[in-house]
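To start, the structure itself, in structure tokens.
In structure tokens, the structure reads:
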């Protein structure tokens, strides 16, 4: 009887292993039904993480004046450029945009928008990289307006954190 109970306990504990392994994956906590962002993310201790420094856009117009916003484009254009840089950096380290769990976004008020941040333009850019048919994952995110960034023409700077559990 003791052997039977021991065997039963062993079988039931082995059956629980896949569930325990799944519980240790990066867990995304959805925002509202229509929210483009997550409410939060649980990252288990065994996950690998990559934290990227703030990235700024590349010039949209080659040969443009380095201090002119027109050289880098509006908020949407700058955000798309910045996300492409983040995507390339992630790929160079073995990560993908689907691994991004947190974004901290700094937006300068656009003079063409009365000095206010262009949240709509930023969200349009974000939606090209997150919550799409080909990349359905979303990220936790903070967006803040700042007075200025390192370059006078930059309207966008984005910090990204990615996490994934090692493949077995």
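Residue numbers (this note's numbering): 51 to 218.
C-beta: ideal position from N, C-alpha, C; glycine also.
Residue i, buried or exposed, once every other Cβ within 10 Å from all chains shown has been counted against 16
i           : result
residue 143 : exposed
residue 202 : exposed
residue 101 : exposed
residue 182 : exposed
residue 128 : buried
residue 72  : Confidence is the limiting factor: at residue 72 the pLDDT is only 48, short of 50, which leaves the residue's position unreliable, though a coordinate-based value still follows. Under this definition residue 72 is an exposed residue.
residue 118 : exposed
residue 171 : buried
residue 175 : buried
Euclidean distance between Cα positions of residue i and residue j
i           : j           : result
residue 163 : residue 204 : 15 Å
residue 81  : residue 217 : 27 Å
residue 154 : residue 192 : 5 Å
residue 151 : residue 88  : 9 Å
residue 92  : residue 212 : 12 Å
residue 96  : residue 134 : 28 Å
residue 69  : residue 197 : Below a pLDDT of 50, predicted positions are generally treated as unreliable, and residue 69, at 44, falls in that range; the measurement from the model is reported next regardless. Each residue's alpha carbon lies about 48 Å from the other.
C-beta atoms of residue i and residue j nearer than 7 Å
i           : j           : result
residue 173 : residue 148 : no
residue 199 : residue 209 : no
residue 131 : residue 107 : yes
residue 125 : residue 168 : yes
Chain-order list of residues whose beta-carbon lies under 8 Å from that of residue i (same chain, five-residue window excluded)
i           : result
residue 166 : 159, 160, 195
residue 177 : 86
residue 98  : 213, 214, 215, 216
residue 184 : none
Own chain residues within Cβ distance below 6 Å of residue i, not counting five before or after
i           : result
residue 94  : 74
residue 110 : 122, 123, 127
residue 137 : 147
residue 77  : 92
Integer Cβ distance of residue i from residue j, believed to fall under 8 Å
i           : j           : result
residue 140 : residue 146 : 6 Å
residue 113 : residue 120 : About 12 Å; that fails the 8 Å criterion.
Close Cβ partners of residue i (< 7 Å) along its chain, the five nearest in sequence each way excluded
i          : result
residue 90 : 79, 190
Any C-beta of chain B under 7 Å from that of residue i
i           : result
residue 131 : Included in the structure is just one protein chain, with no chain B present.
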